[in-house]
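Position 646 of the sequence shown, counted from 1, bears residue number 738 in the numbering used here, the numbering being contiguous throughout. By construction, the Cβ of each residue, glycine as well, lies at the ideal position given by its N, Cα and C atoms. Remarks on the structure that follows.
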Amino acid sequence: MTAARRPIPHDSAPRHVTGSARYIDDLPEPEGLLHAALHLSDRVHARIRSIDLSAARAVPGVAAVITVADVPGDPDIAPVVRPEPVLAQDTIEFHGQPVAAIAARDLATARRAARLVKVEYEDLPPLLDLAEAVEKQSLLLPPLQLKRGNAQEAIARAPHRLNGELHLGGQDHFYLEGQVSLAEPREGGDTFVHCSTQHPSEVQKLVARVLGKPLHSVTVECRRMGGGFGGKESQAAQFACIAALLAHRTQKPVKLRLDRDEDMIVTGKRHDFLVRYDVGFDAEGRILGYDLLLAGRGGWAADLTGAVVDRAVFHADSSYWIPDVTITGLCCRTNTVSNTAFRGFGGPQGMAATEYVIDEIARHLGRDPLEVRLANLYGKTERNVTPYFQTIRDNILPELFADLLASSDYRRRRQEIDAFNAHSPHLKKGLALTPVKFGISFTTSFLNQAGALVLIYEDGSVQLNHGGTEMGQGLYIKVAQVVADVLGIGLEQIRITATRTDKVPNTSPTAASSGADMNGKAAEAAALTLRRRLAEVAAPILGVPPDGIRFRDGMLQGGGNVMSFAEAVHNAYIARVSLAASGYYATPGIHFDRTTRRGSPFFYFAYGVAATEVLVDCFTGEYRFTRADLLHDCGDSLNPAIDLGQVEGGYLQGLGWLTMEELWWDADGRLRTHAPSTYKIPTARDLPADFRVRLVNGKPNPAETIFRSKAVGEPPLMLAISGWLALKDAVAAAAGTQRVHLDAPATPERVLLAIEAAKRKLAAAPEAVAAK
Ligand code: MTE
Ligand code: HPA
Ligand code: MOS
Numbered sequence: 093m094t095a096a097r098r099p100i101p102h103d104s105a106p107r108h109v110t111g112s113a114r115y116i117d118d119l120p121e122p123e124g125l126l127h128a129a130l131h132l133s134d135r136v137h138a139r140i141r142s143i144d145l146s147a148a149r150a151v152p153g154v155a156a157v158i159t160v161a162d163v164p165g166d167p168d169i170a171p172v173v174r175p176e177p178v179l180a181q182d183t184i185e186f187h188g189q190p191v192a193a194i195a196a197r198d199l200a201t202a203r204r205a206a207r208l209v210k211v212e213y214e215d216l217p218p219l220l221d222l223a224e225a226v227e228k229q230s231l232l233l234p235p236l237q238l239k240r241g242n243a244q245e246a247i248a249r250a251p252h253r254l255n256g257e258l259h260l261g262g263q264d265h266f267y268l269e270g271q272v273s274l275a276e277p278r279e280g281g282d283t284f285v286h287c288s289t290q291h292p293s294e295v296q297k298l299v300a301r302v303l304g305k306p307l308h309s310v311t312v313e314c315r316r317m318g319g320g321f322g323g324k325e326s327q328a329a330q331f332a333c334i335a336a337l338l339a340h341r342t343q344k345p346v347k348l349r350l351d352r353d354e355d356m357i358v359t360g361k362r363h364d365f366l367v368r369y370d371v372g373f374d375a376e377g378r379i380l381g382y383d384l385l386l387a388g389r390g391g392w393a394a395d396l397t398g399a400v401v402d403r404a405v406f407h408a409d410s411s412y413w414i415p416d417v418t419i420t421g422l423c424c425r426t427n428t429v430s431n432t433a434f435r436g437f438g439g440p441q442g443m444a445a446t447e448y449v450i451d452e453i454a455r456h457l458g459r460d461p462l463e464v465r466l467a468n469l470y471g472k473t474e475r476n477v478t479p480y481f482q483t484i485r486d487n488i489l490p491e492l493f494a495d496l497l498a499s500s501d502y503r504r505r506r507q508e509i510d511a512f513n514a515h516s517p518h519l520k521k522g523l524a525l526t527p528v529k530f531g532i533s534f535t536t537s538f539l540n541q542a543g544a545l546v547l548i549y550e551d552g553s554v555q556l557n558h559g560g561t562e563m564g565q566g567l568y569i570k571v572a573q574v575v576a577d578v579l580g581i582g583l584e585q586i587r588i589t590a591t592r593t594d595k596v597p598n599t600s601p602t603a604a605s606s607g608a609d610m611n612g613k614a615a616e617a618a619a620l621t622l623r624r625r626l627a628e629v630a631a632p633i634l635g636v637p638p639d640g641i642r643f644r645d646g647m648l649q650g651g652g653n654v655m656s657f658a659e660a661v662h663n664a665y666i667a668r669v670s671l672a673a674s675g676y677y678a679t680p681g682i683h684f685d686r687t688t689r690r691g692s693p694f695f696y697f698a699y700g701v702a703a704t705e706v707l708v709d710c711f712t713g714e715y716r717f718t719r720a721d722l723l724h725d726c727g728d729s730l731n732p733a734i735d736l737g738q739v740e741g742g743y744l745q746g747l748g749w750l751t752m753e754e755l756w757w758d759a760d761g762r763l764r765t766h767a768p769s770t771y772k773i774p775t776a777r778d779l780p781a782d783f784r785v786r787l788v789n790g791k792p793n794p795a796e797t798i799f800r801s802k803a804v805g806e807p808p809l810m811l812a813i814s815g816w817l818a819l820k821d822a823v824a825a826a827a828g829t830q831r832v833h834l835d836a837p838a839t840p841e842r843v844l845l846a847i848e849a850a851k852r853k854l855a856a857a858p859e860a861v862a863a864k
């Protein structure tokens, strides 16, 4: 029996549910462990005049108190663009920025001492508002602009024109395991770090940098994360570096684990976006010219904002061919926390903007948004070039639309819902169907590489290691399935091991949904090398040429003869043949030229469609999602059980972003939603009452990916755009006008206000409702 393509449970599932899966805070504490705490600034933008650490240092049990001045190496931990000091340097750039770090014999002592750090400030004027940042051109990086034809001319010539503005909110990662690192000084000045990170190699690099040491003296290990969602792609490093600095200073092991409030205050989130659009279209709603501004809030530092805004720009075509188009992406600088990767990485914001515009076009013309979507959809062999001039060769959206329209019974339900709304004064239903097309590959091309290490022991058991990290998404089991199939052995013969920088070096973050694609291929390469070696040893014994041997069911079979895998391994060992192999993979054929703004940054696209129905109580704005039909493309899924979970979880996380998760900063720039009491994430109860999720069947990836599968981690999140636009549909029904505006997150409060605002608009100018 082969392992790949089967719905095998997550390798840690029993440990997850019994509590025996170890996260970093569960590890046995090393002798002499110190606990760390941070002093966070209570200013939003200020110059640091002086820092007095004496009271903190005087607390009994405190082993060390450090500021940026105590960093032996380079204190800058920017992943891409400097400056990003590990602790505040000279100025405070956002409320809650860490200024000092304390190590003490227990956590309570460390936290008490942290409050005794005294800082004198000279306040500076803060820039908090995103629109103001756009106006003042407060930017972290130069803009990226995609351009084809002349959008403004096409808009001016078009029979219809609309323009407007939209705000899309941010989102906290709310991984169940917060940021945590445990650093240990080792022999010879080496440092070992357990870190909950999607990017062990970057943590290694930055720990080495702050300590002023070569990379070979630092080892980073991550067995698993209790969720990452992008929040541990770049931003785990700061806490690992602080733990390592304190460990270096005290020569004791140090653990730094943020509590939930600190984590939410100190770490970056999904970028909120200000969107401005100008669009020209014909009577069928076909877009003729489109001019779009996507202004993302980077916060105080660049972090990954450049790449996030790039991906927003690359996904603002959504699934539609737009002849004359200009898309401009801005990386705005404000005195707020530095925003970072979050599932979809800007893609959801770019897609949501254009799906909103399509919805506006349809309402303006008095058409079903579905028909406008179909009219604009990318073609298969024509109308298939993106605004960055990549030709789309794998478009399966027409089939997916046809399939979901039938299975969700969309057209009949559309009529039923309209009839229901006509007779229901206070409860209104809404329905929307939206597509997803998501580009797979890091847009930072050099990151598209991976490595693996496969070891076979003398008894035929196998250890598997690769550069990918496990955050609950099922990467480890998928890669193990690949190796099991290549070697023709059972999964139980393969031991999955923790990701470590001393096993596979110079790895990329597990991100951009590419973990299984890339590490699967790298592990396959290593396993193929080992298979070839074993075949050469076994060939003379079985009496067949090496390539006549099949590896299956724990056996080598050839010429009617068989040999067990363990026997072949033993023979190879005796024959002095190496049983260890590394494998490497680099995604072929991708490129993008920032100066010409042209290229093919994506290896392929992943697709999906979703139809979501909602029921709104017009007295309160409260709502329930009554039904959702999802159809998602995983190519030939490596593991349909894992992938189904990714589709369900991604959709619900997207629904949280667009509907209930609201981040709220006060006028002084302080985040006031920093705990589950004030920040509401979706739970199982918020799932659509009737939830029908399917994977596309029988469509292998035409791109040569691992076993023709497709990446699945991020794309399904964007299926939730249908939920948000279903709410907009219900708001229109409730207000009795198509002129509605609904920012995200569409909380019950915002839904209620949207209904009221639309009603007021209608009362002020009833004549404008008539279709033009
Ligand atoms: N699923 C779980 N359970 N937990 C996570 O943290 N992160 C998502 C997605 N699915 C995440 C998840 C994000 S942001 C990405 S990029 C991918 O998983 C990364 O893993 P992959 O490349 O192996 O799919
Ligand atoms: N996705 C996720 N992470 C990244 C990317 C990307 O495209 N580029 C750089 N880091
Ligand atoms: Mo995912 S946002 O690419 O870590």
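message = Under 7 Å: does the beta carbon of Pro601 sit that close to some heavy atom of ligand 2?
response = Taking non-hydrogen atoms of ligand 2 into account, the C-beta of Pro601 is found less than 7 Å away from one of them.
task = Would you list the residues sitting across from Trp757 in a DSSP beta bridge?
result = Bridge partners of Trp757: Leu763.
message = Just verifying my parser: in three-state terms, what is the DSSP assignment at Gln482?
response = coil
ask   = For Ala387, which three-state DSSP category applies?
value = Residue state for Ala387 is assigned as strand, using DSSP reduced to three classes.
ask   = Gln565 by DSSP, collapsed to three states: which one?
value = coil
request  = In the DSSP assignment, find the alpha helix (DSSP H) that holds Gln541 and state where it starts and stops.
outcome  = No alpha helix (DSSP H) contains Gln541, which is instead part of the beta strand (DSSP E) from 541-548.
task = Within 10 angstroms of the Cβ of Phe538, are there 16 or more other Cβ atoms? Answer buried if so, exposed if not.
result = exposed
query = Is His518 buried or exposed, if buried means 16 or more other CB atoms sit within 10 Å of its CB?
reply = exposed
query = Of the residues Ala524, Trp749, Pro234, which one's Cα is nearest the Cα of Leu809?
reply = Trp749
query = Quick one: what does DSSP say Thr751 is sitting in, helix, strand or coil?
reply = helix
request  = Please say whether Tyr480 and Pro693 have beta carbons closer to each other than 8 Å?
outcome  = yes
message = Let me make sure I understand the geometry here. Which of Phe321, Arg624, Ala767 has the alpha-carbon closest to that of Ala672?
response = Arg624
task = Tell me whether Arg249 is buried or exposed, calling it buried when 16 or more other Cβ atoms sit within 10 Å of its Cβ.
result = exposed
ask   = What are the start and end residues of each continuous alpha helix (DSSP H) run of 4 or more residues lying completely inside the stretch 95-126, in chain order?
value = Counting whole runs of 4 or more residues, the stretch 95-126 contains the alpha helix (DSSP H) stretches 105-110.
message = Can you tell me whether Arg435 sits near ligand 1, meaning its C-beta is under 7 Å from at least one heavy atom of the ligand?
response = Yes.
inquiry  = Considering just the uninterrupted stretch of the alpha helix (DSSP H) at Lys802, what are its terminal residues?
reply    = Element bounds for Lys802: n/a, residue is neither H nor E.
query = Taking the continuous alpha helix (DSSP H) assigned at Gly442, which residues delimit it?
reply = 439-457
query = So who's on the other strand from Glu212, going by DSSP bridges?
reply = Ser142
Residues that Tyr696 bridges to, as DSSP identifies them = Ile532
inquiry  = Determine whether the beta carbon atoms of Gly153 and Thr201 lie at a separation below 8 Å.
reply    = Going by beta carbons, Gly153 and Thr201 fall inside the 8 Å limit.
request  = Determine the closest residue to Pro190 out of Ala150, Thr159, Ala336, with distance taken between C-alpha atoms.
outcome  = Per the Cα distances, Thr159.
ask   = If Tyr213 and Ile143 are in contact, beta carbons under 8 Å, what's the gap, nearest whole angstrom?
value = Rounded, the Cβ-Cβ distance is 10 Å, inconsistent with contact.
Between the CA atoms of Ala603 and Asn611 - distance to the nearest angstrom = Distance between the alpha carbons of Asn611 and Ala603 is about 12 Å.
query = So, using beta-carbon positions, are Leu384 and Ile419 closer together than 8 Å?
reply = yes
ask   = Does DSSP put Tyr412 in a helix, in a strand, or in coil?
value = strand
ask   = What residue from Val804, Thr718, Gly746, Gln330 has the CA that sits closest to Ser729's CA?
value = Val804
key: Local Cβ density within 10 Å of Ser133, reported as buried at 16 or more and exposed below that   = buried
query = Which value, in whole angstroms, describes the spacing of the CA atoms of Ala641 and Ser288?
reply = Note that residue 641 is Ile in the sequence shown, not Ala. Distance between the alpha carbons of Ile641 and Ser288 is about 42 Å.
The stretch 560-576 in contact with the stretch 675-683 per 3-pair CB rule at 8 Å = no
query = Under 7 Å from any heavy atom of ligand 2, does the C-beta of Leu366 make it?
reply = Result no, Cβ not under 7 Å from ligand 2.
task = Rounded to whole angstroms, what's the CA-CA distance from Ser600 to Lys324? Just pull it up for me.
result = Whole-angstrom Cα-Cα distance: 13 Å.
query = Is Asp656 helix, strand or coil by DSSP?
reply = In the sequence as presented, Asp is not what sits at residue 656; that position holds Ser. Residue state, collapsed to three classes: strand.
task = Whole angstroms is fine: what's the gap from Ala795's alpha carbon to Ala275's?
result = Straight through space, the alpha carbons of Ala275 and Ala795 are spaced by roughly 42 Å.
ask   = Three or more C-beta pairs closer than 8 Å, one from the stretch 760-776 and one from the stretch 695-704: is that the case here?
value = no
task = Have a look at Val788 and Gln330 and give me their C-alpha separation to the nearest angstrom.
result = 40 Å
inquiry  = Could you compute how far the alpha carbon of Ala698 sits from the alpha carbon of Val843?
reply    = Taking the straight line from one Cα to the other gives about 31 Å.
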